[in-house]
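J.: Okay, so the sequence shown: first residue is 1 according to the UniProt record's numbering, each after it adds one.
Okay, handing you the structure first.
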Amino acid sequence: MNAFVYARSDQKFNHVFNTAMYSQTTIVVKNILKFYEGFDDLKQLVDVGGGLGVILNQITSKYPHIKGINYDLPHVVENAPSYPGSSTEAPGQGSRIATESFPERCSAPEWRYAAPQRRGRAPRCYTWVREFLALQLWVAGQVRMAPTLGVEHVGGNMFESVPHGDAIFMKWILHDWSDEQCLKILKNCYKAIPDHGKVIVVEAILPILPENSFAARNTFAHDVGMMTQSRGEKERSQQEFLALATGAGFSGIRFVCCVCNLWDMEFYK
């Protein structure tokens, strides 16, 4: 029994596993957003195997024009939290506030009443400043904000279908599966994106020749760890990723950038 099957039967393990993925992913995606600029023109992004949705929450926080679809197994997304959209003030709304809507609880009369009295009457300039501050405080708390399009959690099976989007995002998904299973996933991703779409893949890449660097040793260690799952899981070289891409119908791969020893790749039609 591999970790994914076991997680379905043990809620405690499922929680620990998802939390671990959440923590590691937060660090990686934070750095990806510093260097990768491929989200600019997207309108809808699907994160396949997105777990609790932390990736899309980070991406849509920086790119509020993107609608995020977090796609994972039903038992995973049922534990995913709701993410409030990062908000920006709608231009010009402050000037359209009707004076009749000014709330009693922080109204100008109350502020005047709180102002220090001088011979039974508050100083005029002090009263004006207090009224102005009251208005600013109320506007800050009450003006409607323009929220992000947000993150929608969708349960399903990536071997059967993938939700449509301008692009698909997958981090640490392909190394969990054999070549045959990866081709099934990638073919579904191919169907789910338009002709100008892309699949953004974040994975470690094995060196072609043995290396003794820390990064290489870490990747080889992960490769050995994946073998223990006995389903054909493995880390892959650039040539192996290219073979997967072309085997699924893609024209090629762009190796865009490397962060935290993981490569950000684009599979394109």
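Glycine included, every Cβ here is placed at the ideal spot set by N, Cα and C.
Taking one C-beta from the segment 146–166 and one from the segment 30–44 each time, how about it: are there three or more such pairs within less than 8 angstroms?
T.: yes
J.: Counting C-beta neighbours from all protein chains within 10 Å, is the total for TYR6 16 or more, i.e. buried, or is it exposed?
T.: exposed
J.: Starting from ALA243, follow the alpha helix (DSSP H) in both directions and report where the run begins and ends.
T.: 238–247
J.: For the segment 193–210 and the segment 228–244, state whether three or more C-beta atom pairs, one from each stretch, are separated by less than 8 angstroms.
T.: yes
J.: Checking 8 angstroms against the spacing of the C-beta atoms, do MET158 and GLY49 come in under that value?
T.: yes
J.: How long is the line joining the alpha carbons of GLU211 and THR219, rounded to whole angstroms?
T.: 10 angstroms
J.: Taking just the CA atoms, how far does SER213 sit from GLY51?
T.: Spanning the two alpha carbons is a distance of roughly 31 angstroms.
J.: Under 8 angstroms Cβ to Cβ from THR246, same chain only, skipping five residues before and after it: list those, please.
T.: GLY252
J.: Is DSSP giving VAL76 helix, strand or coil here?
T.: helix
J.: Between LYS184 and ILE193, what straight-line distance do the alpha-carbon atoms span, to the nearest angstrom?
T.: 15 angstroms
J.: Taking C-alpha atoms, which residue in HIS153, THR25, MET170 and ASP264 lies nearest to GLY68?
T.: HIS153
J.: Can you tell me the Cα-Cα spacing of TYR190 and ALA80, whole angstroms?
T.: Each residue's CA atom was taken as its position, placing TYR190 and ALA80 some 26 angstroms apart.
J.: Taking the Cβ atom as the reference point for each residue, do TRP172 and VAL202 lie within a distance shorter than 8 angstroms?
T.: yes
J.: Using C-beta distances below 7 angstroms, list every residue in its chain close to GLY156, excluding the 5 sequence neighbours before and after it, in chain order.
T.: TYR71
J.: Which residues does DSSP list as the beta-bridge partners of TRP263?
T.: GLU203 and CYS258
J.: Does the beta-carbon distance from VAL259 to VAL28 come in below 8 angstroms?
T.: yes
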